[in-house]
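Under the UniProt record's numbering, the sequence shown has 37 at position 37, and the numbering climbs by one with no breaks.
Think of the CB as a built atom: it goes at the ideal place given N, C-alpha and C, for glycine as much as any other residue.
Owing to the predicted nature of the structure, the values given are computational and were not obtained by experimental measurement.
See below for the structure under consideration.
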Amino acid sequence: MLWELNPTLNIWSVATATAISHLAALLFITLCIALPQNINEKTKLCAAFCVCGALGFYGITLSVSKSFLVVWCMFASFATAASSVLQQPIYNTLNEFDKTATMTTANVIVAGILMVWSIAYNYEYKTCFFIASLLQTGTACVFFIASFRRRR
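As structure tokens, this is what we get:
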């Protein structure tokens, strides 16, 4: 996508931007995993990262400047990587195969529907990223609501 909008970028520019965002995600994830011991706090962190991802994806749809586009992509990549890694302990604490399999299947179904829809009807990247921002917002709401479950 970055090459489509700015063909003057070389592979090192794109690779560096992606590597920086993933490195930032890994460093911040290490801090977040070490700090909260309570599962409810981790779900709140997932909600916060999903909101960051939604802002990043929505920023991509609004971006007209090439330099801001790289920043929005790094922001969305950082948030998506962080929330997906933080979700793993949440899945593990459920200890029920049915719930974990249901969540994983739901993620796969949503991704498949998005891919088929974008190819069949409207392969404009801004529309796809707008839908991704809506999905991230919905996921943030689910994690935020789940963070208030009763403690035993």
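Outcome for residue i when other beta-carbon atoms lying within 10 angstroms are tallied against a minimum of 16
i: Ile145; result: exposed
i: Ser77; result: buried
i: Ala120; result: exposed
i: Phe68; result: exposed
i: Phe75; result: buried
i: Gly56; result: buried
Candidates the options: closest to residue i by CA position
i: Thr137; options: Met74, Tyr58 and Ala54; result: Ala54
i: Lys126; options: Tyr58, Cys46 and Cys50; result: Tyr58
CB contact flag (residue i, residue j, <8 Å)
i: Ala140; j: Cys73; result: no
i: Ala47; j: Phe143; result: yes
i: Leu147; j: Lys44; result: Looking at the sequence itself, residue 147 is Ser, so the reference to Leu does not match. Against a cut-off of 8 Å, the Cβ pair of Lys44 and Ser147 comes out as a contact.
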